[in-house]
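Numbering (our numbering), first residue to last: 24 to 208.
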């Protein structure tokens with residue numbers, strides 16, 4: 024289909040190539056950012072002494088200054104950095120950063136988080152099936168009613184890891200000329 028506008032001929036396919044659907048491109052990055060902030064927020068409130076949503080017995084959680092600083096505050100800050108990285112993969116301001124500096128670390132992190140989440144669920148399956156037995160040091164922790172929050176947190180890891188990987192992959196594809204999703208094709 025060809026149209027003439029102010030003396031210029033354009034085709035519908037040229038217009039479609041020039042502006043790929045933004046929604047399809049950005050949802051993985053935004054989803055990963057929300058998951059990262061969902062992971063960061065409780066770490067900050069746990070660091071402040073609020074036990075809500077803690078996956079285990081909060082009273083037996085580390086209280087030493089260094090353990091608490093690393094376990095709560097540093098992990099919360101790392102997750103906030105992860106949210107910024109996720110947004111950099113899909114935001115216009117992130118396009119100023121070379122793709123390799125954002126997509127490669129994000130891709131590696133997504134592999135780790137996805138494997139971490141899948142490993143948790145595999146272990147839970149093996150525990151439930153009686154194929155493995157929890158170590159005595161962890162038996163009480165695993166039996167605590169708050170341990171059910173682990174299902175939520177590890178699902179969040181899976182969501183974060185998978186969507187971060189998709190966003191990183193899309194960012195790397197965008198820089199390769201001639202690919203269907205490339206902004207330069």
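Don't be surprised by glycine CBs; every beta carbon is placed ideally from N, CA and C.
Spanning the alpha carbons of residue 97 and residue 70 requires a straight line of approximately 10 angstroms.
Where residue 96 is concerned, there is no enclosing alpha helix (DSSP H), because DSSP gives it neither an H nor an E.
Sixteen is the threshold: when 16 or more other Cβ atoms of the shown chains lie within 10 Å of the Cβ of residue 197, as they do, the residue is buried. Counting C-beta pairs with one atom in each stretch, the region 56-65 and the region 102-115 have three or more that are closer than 8 angstroms, which means they touch.
Taking C-beta separations shorter than 6 angstroms and ignoring five residues to either side along the sequence, the partners of residue 99 in its chain run 63, 66, 67, following chain order. Taking residue 193 as reference, the option from 159, 174, 118 with the minimal CA-CA separation is 118.
Between the beta-carbon of residue 172 and that of residue 78 there is about 4 angstroms, and that keeps the pair under the 8 angstroms contact cut. Going by DSSP, residue 172 is part of the alpha helix (DSSP H) stretching over 172-197.
Contact check for residue 180 against residue 137 passes: the beta carbons are separated by less than 9 angstroms. For residue 170, the closest alpha carbon among the candidates 52, 74, 51, 53 is that of 74.
If you check the CB distance, residue 52 and residue 134 do not come in under 9 angstroms. Counting only the Cα atoms, residue 49 lies some 5 angstroms from residue 113. Secondary structure at residue 156: coil, using DSSP grouped into helix, strand and coil.
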